[in-house]
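See below for the structure under consideration.
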Amino acid sequence: MTRAAQTPSIATLPPLSLYIHVPWCVRKCPYCDFNSHAQKGDIPEQAYLNALMEDVTADIAGVQGRSIETVFIGGGTPSLMSPDFYRQLFERLSAHLQFAPDAEITLEANPGTVEQSRFEGFRAAGINRLSLGVQSFNPLHLQTLGRIHDDQAARNAINAARAAGFDNFNIDLMHGLPNQTVAQAVNDLEQALTFDPPHLSWYQLTLEPNTEFYSRPPDLPEDDALWDIIEAGGNLLRTNGYQDYEVSAWSKPGKASRHNLNYWEFGDYLAMGAGAHGKITFLDDNEIRRYWKTRQPEAYLNRIGSRTAGQQAIAVDELPLEFMMNALRLNRGVSEKLYTERTGLPLTGIAEILSAVRSEGLFEASRLQATPLGQRYLNSILERFL
Amino acid sequence: MTELSHIRNFSIIAHIDHGKSTLADRFIQVCGGLTDREMAAQVLDSMDLERERGITIKAQSVTLRYKARDGIEYKLNMIDTPGHVDFSYEVSRSLFACEGALLVVDAGQGVEAQSVANCYTAIEQGLEVVPVLNKMDLPQAEPERVAQEIEDIIGIGAADAVRCSAKSGMGVEEVLEELIRLVPPPEGDIDGPLQALIIDSWFDNYLGVVSLVRVRQGTLRKGDKILIKSTGKAWSADRVGIFTPKPTDTGILGTGEVGFVVAGIKDIHGAPVGDTITHQKTPDTAPVPGFKKVKPQVYAGLFPVTSDDYDDFRDALEKLTLNDASLFFEPENSDALGLGFRCGFLGMLHMEIVQERLEREYDLDLITTAPTVVYEVLNKQNEILHVDNPSRLPDIGSIEEMREPIVEANILVPQEHLGNVIALCEEKRGVQKNMLFLSSQVQLTYELPMAEVVLDFFDRVKSASRGFASLDYHFNRFQAADLVRLDILINGERVDALALIVHRAIAHRRGRSVIEKMKELIPRQMFDIAIQAAIGNQVVSRQTVKALRKNVTAKCYGGDVSRKKKLLQKQKEGKKRMKQLGNVEVPQEAFLAVLRVDN
Numbered sequence: 141m142t143r144a145a146q147t148p149s150i151a152t153l154p155p156l157s158l159y160i161h162v163p164w165c166v167r168k169c170p171y172c173d174f175n176s177h178a179q180k181g182d183i184p185e186q187a188y189l190n191a192l193m194e195d196v197t198a199d200i201a202g203v204q205g206r207s208i209e210t211v212f213i214g215g216g217t218p219s220l221m222s223p224d225f226y227r228q229l230f231e232r233l234s235a236h237l238q239f240a241p242d243a244e245i246t247l248e249a250n251p252g253t254v255e256q257s258r259f260e261g262f263r264a265a266g267i268n269r270l271s272l273g274v275q276s277f278n279p280l281h282l283q284t285l286g287r288i289h290d291d292q293a294a295r296n297a298i299n300a301a302r303a304a305g306f307d308n309f310n311i312d313l314m315h316g317l318p319n320q321t322v323a324q325a326v327n328d329l330e331q332a333l334t335f336d337p338p339h340l341s342w343y344q345l346t347l348e349p350n351t352e353f354y355s356r357p358p359d360l361p362e363d364d365a366l367w368d369i370i371e372a373g374g375n376l377l378r379t380n381g382y383q384d385y386e387v388s389a390w391s392k393p394g395k396a397s398r399h400n401l402n403y404w405e406f407g408d409y410l411a412m413g414a415g416a417h418g419k420i421t422f423l424d425d426n427e428i429r430r431y432w433k434t435r436q437p438e439a440y441l442n443r444i445g446s447r448t449a450g451q452q453a454i455a456v457d458e459l460p461l462e463f464m465m466n467a468l469r470l471n472r473g474v475s476e477k478l479y480t481e482r483t484g485l486p487l488t489g490i491a492e493i494l495s496a497v498r499s500e501g502l503f504e505a506s507r508l509q510a511t512p513l514g515q516r517y518l519n520s521i522l523e524r525f526l
Numbered sequence: 155m156t157e158l159s160h161i162r163n164f165s166i167i168a169h170i171d172h173g174k175s176t177l178a179d180r181f182i183q184v185c186g187g188l189t190d191r192e193m194a195a196q197v198l199d200s201m202d203l204e205r206e207r208g209i210t211i212k213a214q215s216v217t218l219r220y221k222a223r224d225g226i227e228y229k230l231n232m233i234d235t236p237g238h239v240d241f242s243y244e245v246s247r248s249l250f251a252c253e254g255a256l257l258v259v260d261a262g263q264g265v266e267a268q269s270v271a272n273c274y275t276a277i278e279q280g281l282e283v284v285p286v287l288n289k290m291d292l293p294q295a296e297p298e299r300v301a302q303e304i305e306d307i308i309g310i311g312a313a314d315a316v317r318c319s320a321k322s323g324m325g326v327e328e329v330l331e332e333l334i335r336l337v338p339p340p341e342g343d344i345d346g347p348l349q350a351l352i353i354d355s356w357f358d359n360y361l362g363v364v365s366l367v368r369v370r371q372g373t374l375r376k377g378d379k380i381l382i383k384s385t386g387k388a389w390s391a392d393r394v395g396i397f398t399p400k401p402t403d404t405g406i407l408g409t410g411e412v413g414f415v416v417a418g419i420k421d422i423h424g425a426p427v428g429d430t431i432t433h434q435k436t437p438d439t440a441p442v443p444g445f446k447k448v449k450p451q452v453y454a455g456l457f458p459v460t461s462d463d464y465d466d467f468r469d470a471l472e473k474l475t476l477n478d479a480s481l482f483f484e485p486e487n488s489d490a491l492g493l494g495f496r497c498g499f500l501g502m503l504h505m506e507i508v509q510e511r512l513e514r515e516y517d518l519d520l521i522t523t524a525p526t527v528v529y530e531v532l533n534k535q536n537e538i539l540h541v542d543n544p545s546r547l548p549d550i551g552s553i554e555e556m557r558e559p560i561v562e563a564n565i566l567v568p569q570e571h572l573g574n575v576i577a578l579c580e581e582k583r584g585v586q587k588n589m590l591f592l593s594s595q596v597q598l599t600y601e602l603p604m605a606e607v608v609l610d611f612f613d614r615v616k617s618a619s620r621g622f623a624s625l626d627y628h629f630n631r632f633q634a635a636d637l638v639r640l641d642i643l644i645n646g647e648r649v650d651a652l653a654l655i656v657h658r659a660i661a662h663r664r665g666r667s668v669i670e671k672m673k674e675l676i677p678r679q680m681f682d683i684a685i686q687a688a689i690g691n692q693v694v695s696r697q698t699v700k701a702l703r704k705n706v707t708a709k710c711y712g713g714d715v716s717r718k719k720k721l722l723q724k725q726k727e728g729k730k731r732m733k734q735l736g737n738v739e740v741p742q743e744a745f746l747a748v749l750r751v752d753n
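Here it is, written out as structure tokens:
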């Protein structure tokens, strides 16, 4: 399939988010392919803070007058950093960036690294949403996953978060764990539900390259068993008032992760920290640029000035795919208008594909949205945009 | 020009790993044909594929100058022969240019069936066969036993056979001396009108068609106006020379000599193998009795995965046939696979080589359908039809009798593996014709359905005998048999490209194993896929490829999409090698499932 080369014409800038990466962990989990490194000795908080500030000030041109709508601090294990680190970080950031008054600021926390006072400190530093990496409540599965916490620590962490005033929080859970039964998967969800979380990320464990699990694969449930887990778990969550607004994300009404929504809606985001990825629309050049930061924590600390390791404008012929890879993950999809708004390309360029997937019952009629059938075979739809 | 009495034309007959190429290399070295630096490993096997598979496919020649012990310098023309059962036709072609052949036998292993068959061909064609016992440097060499075996099986004296080791160089010159002593020089009227037999023709990108010829009488000179007898077309001999093994222009080829001629011919069919070249001024010269044109034994459909490649595919096949006159093709239109070609091959190895060359050298993605032999059908109108494509089998009601090709197979097997090989022959519906106990091997003669032999019989014989048995076969006759067409249906649709002709007795079992294999090969898709095997309207077996539950990337970290993009690319690449049948995507391998069935 060839599409005539078009020049995008982007009229308005999308909303802007900020992603901050903290690359250290107590230890690396066998399934994790993120940029995380087992911590040796004390984390050089002050040096990292200075590096982050040098880094972000070099990228300020990308802001183009926008305020920051959401912030996500991910890792690694960001909760390893002290509350004071974040207090200083936001203090210094506000000299360069304008934060929206209602900005959503999320911090990823490992239940093994927190107690209530620490959560209170995070809150005082300006963080208003937590994402708790619980993964499972089954002690055996927690062990298999190499987590540093047990199920009781997980419960304590959720209670501590609530007590510290975090009403808006997410619980991360995985399913399709080694030898997991449907009952075990449902039980994990039931335990999470007892805390009435506003948001649940419930995602399937997949084996990613460059992980321990990839080189020594554990015994994962078969396709059909996985499907039973997904059906049973989905029913439970829907009955309890959750909506699956994205492939792996469930929330109470109005409690979707605004930061992630900005990703799925092909918004912009600044990147800070080792191995972080950013995406910025440049109106003047009519192009959308992806850029990424030096991955190794040591190298990130030791560099001077910008820590950008590479950048690349998204090729015009890849824009449709990149947009769809994000937008179609949303179960409600996006409006057709948003496609042109974000990519600067007319819908006519993908009309042929759209009419094909619509005629096959994989796509809704007037939105860029996969039907329930299409959502099951999203990769088959996306492949057409390649 | 060399005096006739100073010329010897010979081939080497040897089993695949009995050291023919090493010996040929030694000859070249002894005669100073190449410097050591030029002496790339085994120069005669020039095609990449040949070298990789360690076999010789195309006939090649080398002219050597050897100063013998009688003080005379002889011109030795060595014409190479292929060593695989698929290419026995090319052997007979090479032998046509010779007065003698060296039978090279591994002194540790003994005679192999392939060599026996080629020796018989040589003897039939009136050649002097000179036995040579090779690999004498190995401790397991048993020259007396092997010499006896040569006498028993082939019936030529071998007690005084030269013992040599091509590897160490021992006895190599003695082999050449024996050759000069025993092989008669060529005969022919050096003053007669030109009569040159085309042993081989191939297409060279720079020169056009190059023909290897054996001059029977007269003289061929550069600049001569020549005539190709069968086409009646005249050309100018632009280049005339010999291979040393480098092509070397000599400007002249006399009676009895072997060399090349280039005449600006652009199409290989302009200089057909087996044809005769004469001078334009002597058009009435009789052609040299040539050899029979070879008939393909195995047919298969080859289809481009994407129909856009059809023209490229046709061009590629045309180019291949420039160098491979035994490859046959004609357009085929399949309901399932679209436009492609029905191709005829000498055997399975030939098919694999052609397929590999098309994919490797011409960058084509192809689907090959199950290979089949040619069946003879007698219809109710008493007409005989030849069917090389199961989907073209006439309506069963119009058929009076179906006949399958039967081959006579000669197998040489050490006694300890005799039981296994007999069991295999029986399993393949073989009928024993003869069994001869020799000193250490047994010579078995079986009649077998060709369909059972061409697919994997050679490999099975090898594994049933730990590699020690050898096999040669040739077509014998058509014979009435209870044959049926086995159809394969995917989601209820008969897929013409998957049809097979099989014996009724094994039809059910074959159907079951084929669709079981297909179930493994067809990936799960968005819906259930039913695979059925049927004879007529009767479904004999069924399997279901269950629908894939979902195909979604569980976690897509918004920041970095590059890896997920690569996954999608990989997924799409994979599908490029699949064929869409209705809405089912079928991978290439599934069309050859019948070959992957475990027996």
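Chains A and B supply the protein sequences, listed in that same order.
Here this note's numbering is used: the first residue of the first sequence is 141, the next is one more, and so on.
Here this note's numbering is used: the first residue of the second sequence is 155, the next is one more, and so on.
The C-beta atom is built at its ideal place from N, Cα and C for all residues, glycine as well.
Predicted model, so just to flag it, every value in this text is computed and none were measured.
Along the chain, where does the beta strand (DSSP E) that runs through residue i open and close?
i                 : result
His504 of chain B : Per DSSP, His504 of chain B belongs to no beta strand (DSSP E); it is in the alpha helix (DSSP H), 502-515.
Met755 of chain B : Residue 755 of chain B lies beyond the stretch modelled for chain B, which goes from 155 to 753, so this question has no answer here.
Ala453 of chain A : 448-453
Cys497 of chain B : 492-499
Ala255 of chain B : 254-260
Val326 of chain B : From DSSP, Val326 of chain B is part of no beta strand (DSSP E) but of the alpha helix (DSSP H) over 326-336.
Gln186 of chain A : Looking at the DSSP string, Gln186 of chain A is not in any beta strand (DSSP E); the run it does join, the alpha helix (DSSP H), is 185-197.
Gly413 of chain B : 412-416
Quick one: does the C-beta of residue i sit closer than 7 angstroms to a heavy atom of the ligand NAD?
i                 : result
Gly377 of chain B : The ligand NAD is not part of this structure, which contains no ligands at all.
By DSSP's criteria, residue i is part of a beta bridge. Which residues make up the other side?
i                 : result
Val162 of chain A : A:Gly215
His315 of chain A : A:Gln344
Gln679 of chain B : Note: Gln679 of chain B sits in no beta bridge, so no partner.
Gln595 of chain B : B:Pro568
Ala510 of chain A : A:Phe503
Asp354 of chain B : B:Leu366
Applying the 10 Å Cβ sphere with the 16-neighbour rule, what's the burial state of residue i?
i                 : result
Gly173 of chain B : buried
Ile308 of chain B : buried
Glu515 of chain B : exposed
Tyr360 of chain B : exposed
Thr439 of chain B : buried
Ala213 of chain B : Bear in mind that the predicted position of Ala213 of chain B carries a pLDDT of just 45, short of 50, making it unreliable; the figure below should be weighed with that in mind. Per the 10 Å Cβ criterion, buried.
Ile444 of chain A : exposed
Gln275 of chain A : buried
Val585 of chain B : exposed
Which stretch, first to last residue, makes up the alpha helix (DSSP H) that contains residue i?
i                 : result
Arg299 of chain B : 297-307
Gln228 of chain A : 223-233
Lys435 of chain B : Where Lys435 of chain B is concerned, there is no enclosing alpha helix (DSSP H), given that its DSSP letter is neither H nor E.
Task: Contained beta strand (DSSP E) runs [length at least 3] in the segment 449-477 of chain B, N- to C-terminal order - done: Residue ranges of uninterrupted beta strand (DSSP E) with 3 or more members, entirely inside the segment 449-477 of chain B and ordered along the chain, are 452-458.
TODO: Decide yes or no for the touch test of the segment 367-384 of chain B against the segment 447-460 of chain B: beta carbon pairs closer than 8 angstroms, at least 3 of them.
DONE: no
Task: Inside the segment 240-294 of chain A only - beta strand (DSSP E) runs reaching at least 3 residues - done: 269-275
TODO: Could you tell me whether the segment 406-422 of chain B touches the segment 473-486 of chain B, using the rule of 3 or more Cβ pairs below 8 angstroms?
DONE: Contact between the segment 406-422 of chain B and the segment 473-486 of chain B is present, because at least three Cβ pairs lie under 8 angstroms.
- [ ] Starting from the N-terminal side, write out each stretch of the beta strand (DSSP E) that is 3 residues or longer and does not extend beyond the segment 679-734 of chain B.
- [x] 683-689, 692-699
Task: Three or more C-beta pairs below 8 angstroms linking the segment 605-616 of chain B and the segment 320-338 of chain B - done: no
TODO: Could you tell me whether the segment 338-353 of chain B touches the segment 623-641 of chain B, where touching means 3 or more Cβ pairs closer than 8 angstroms?
DONE: no
Open item on the list: With three or more C-beta pairs closer than 8 angstroms as the rule, is the segment 257-271 of chain B touching the segment 290-300 of chain B?
Closed with: Enough Cβ pairs lie closer than 8 angstroms, so yes.
TODO: Inspect the CB distances between the segment 650-662 of chain B and the segment 540-547 of chain B and report whether three or more fall short of 8 angstroms.
DONE: yes
Open item on the list: Pairs of beta-carbons, one from the segment 679-689 of chain B and one from the segment 708-727 of chain B, closer than 8 angstroms: are there three or more?
Closed with: no
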